[in-house]
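One structure is given below, encoded as structure tokens.
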Amino acid sequence: MKTATAGTARPPAHPSGAGGRPRVPRRSPNRAVLGTIGVIGFLLLWEAVPRIGLVPARYLPPASEVLATLGERLVLVQFWTAVGDTVLTWGIGLGLAFAAAVLLGFVVGSVPVLRAFTSSTVEFLRPIPSVALIPLAILLYGTDMASTLLLVVYAAFWQIYIQVLYGVSDIDPVAEQTARSYGLGRLARLRYVAWPSALPYVLTGLRLGAAVALILTITGQLIIGTPGLGQQISVAKNSDATALVYALIIATGALGVAVNVGVRALERRMLSWHPSVRGEENA
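Going by full-length UniProt numbering, the first residue of the sequence shown is number 1, and it counts up by one from there.
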């Protein structure tokens with residue numbers, strides 16, 4: 001009977017383990033399917049809670065009634081006018097905040113003395129809630145759209161500005177010195193070294209700022225009374241139209257989802273070269 005020696009090659013162990021059966025890779029659950037199931041389950045729970053009397057229907061109408069009310073609003077011109085006013089205010093405010101934050105962030109972040117000089121001022125102003133500026137906004141602009149823009153720009157600016165500062169400080173000094181050694185000027189280094197290095201931070205700030213800008217847009221319209229979905233929610237609440245209030249809240253939530261999806265798509269497109277995005281696509 002032959003025995004295996006140390007030099008004899010042994011067949012590799014079967015990856016399937018016991019029994020020699022091939023191991024079937026587990027498929028990850030589809031996120032879209034799970035999300036849809038979650039939404040349906042939430043709506044069924046919402047429908048049941050007022051129906052069985054856990055919460056009075058005058059405070060929480062059934063989901064079917066709210067969705068029917070939303071469907072009625074979707075065919076009205078006034079609804080889409082309010083959506084347009086909300087998107088316009090959000091877009092202008094976010095655009096102004098983004099331009100100011102990127103420009104100021106690169107200037108301040110590139111000069112260490114200037115960054116140190118302004119750090120205490122930033123740490124003082126950044127924690128101030130934007131809603132605390134509502135009396136000032138009304139005093140300056142009344143119920144005009146500019147009053148809500150003041151809140152939106154102030155809130156979104158800090159979200160983007162801090163990320164830009166982080167991005168500028170994260171520039172690889174070796175890459176910076178290499179660019180200098182090749183004779184690249186300040187603008188060329190900004191374009192080919194600083195901007196690509198800081199871009200992931202800038203887009204993260206844009207994503208955060210977009211969400212905050214939408215929140216402050218609705219808040220300003222709700223409290224100040226500038227035209228938009230927030231104003232319609234306030235009018236519906238004062239008219240005791242509870243189902244309409246919930247319907248408009250759902251509309252603002254859908255708008256928030258659309259904003260997030262759009263900014264995410266922009267982020268993936270502009271960072272298609274970045275390892276984080278390529279790893280996300282391959283996962």
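No residue lacks a Cβ here, since even glycine has one placed at the ideal position from N, Cα and C.
When Leu255, Arg186, Val102 are compared against Phe79, the one with the closest alpha-carbon:
Leu255
Helix, strand or coil at Ile37 [DSSP, three-state]
helix
Contact under 8 angstroms by Cβ, Gln232 with Ala82:
yes
DSSP-derived helix/strand/coil call for Tyr59:
coil
With 16 other Cβ atoms within 10 Å as the buried cut-off, status of Glu123
exposed
Cutting at 8 angstroms between CB atoms, please list the residues of its own chain near Ala175, excluding the five before and the five after it.
Val193, Ser197
Please report the Cβ distance between Leu206 and Val152, rounded to the nearest whole angstrom; I am assuming they are in contact, meaning their Cβ atoms lie under 8 angstroms.
Going by Cβ atoms, the distance from Leu206 to Val152 rounds to 14 angstroms, so no, they are not a contact pair.
Ala211 versus Gly262 - alpha carbon distance
Taking the straight line joining both Cα atoms gives about 11 angstroms.
Need the endpoints of the alpha helix (DSSP H) that Ser197 sits in, please.
In the DSSP assignment, Ser197 falls within the alpha helix (DSSP H) that extends over 195-223.
Between the CA atoms of Ala251 and Tyr141 - distance to the nearest angstrom:
27 angstroms
Have a look at Tyr154 and Gly167 and give me their C-alpha separation to the nearest angstrom.
Straight-line Cα distance between these residues: approximately 20 angstroms.
Go ahead and pull the three-state DSSP assignment for Leu140.
helix
Nearest-angstrom Cα separation, counted from Ala32 out to Gly38:
Going by the C-alpha atoms only, they are around 10 angstroms apart.
Do Gly220 and Ala97 have their beta-carbon atoms positioned less than 8 angstroms apart in this structure?
No. Outside cutoff.
Pick from Thr121, Ser120, Val111, Ala100: whose alpha carbon is nearest that of Ile160?
Ala100
Identify which residue in Ile134, Leu44, Trp195 has its Cα closest to the Cα of Val107.
Trp195
Just verifying my parser: in three-state terms, what is the DSSP assignment at Ile160?
helix
Buried or exposed by the 16-neighbour rule on C-beta atoms within 10 Å, applied to Glu72:
exposed
Have a look at Ala46 and Tyr246 and give me their C-alpha separation to the nearest angstrom.
The sequence shown places Trp at residue 46, not Ala. In this structure, the CA atom of Trp46 is about 12 angstroms from the CA atom of Tyr246.
Spatial neighbours of Gly93 within its chain, please: CB distance less than 6 angstroms, with the 5 preceding and 5 following residues excluded, ordered by chain position.
Leu149, Val152, Val153, Ala213
Where are the alpha helix (DSSP H) runs, 4 residues long or more, that stay fully inside the region 224-279, in chain order?
229-238, 242-270
Should the region 227-244 be regarded as contacting the region 54-65, the criterion being three or more beta carbon pairs within less than 8 angstroms?
The region 227-244 vs the region 54-65: in contact.
Using a 10 Å radius around the Cβ and a threshold of 16 neighbouring Cβ atoms, would you call Arg126 buried or exposed?
Burial call: exposed.
For Ala137 versus Ile224, is the C-beta distance shorter than 8 angstroms?
yes
By the 10 Å Cβ neighbour count, where 16 or more other Cβ atoms means buried, how is Thr226 classified, buried or exposed?
buried
Candidates Ile218, Arg189, Ser169, Leu74, of which the one nearest Gly91 by Cα:
Minimum Cα distance to Gly91 is reached at Ile218.
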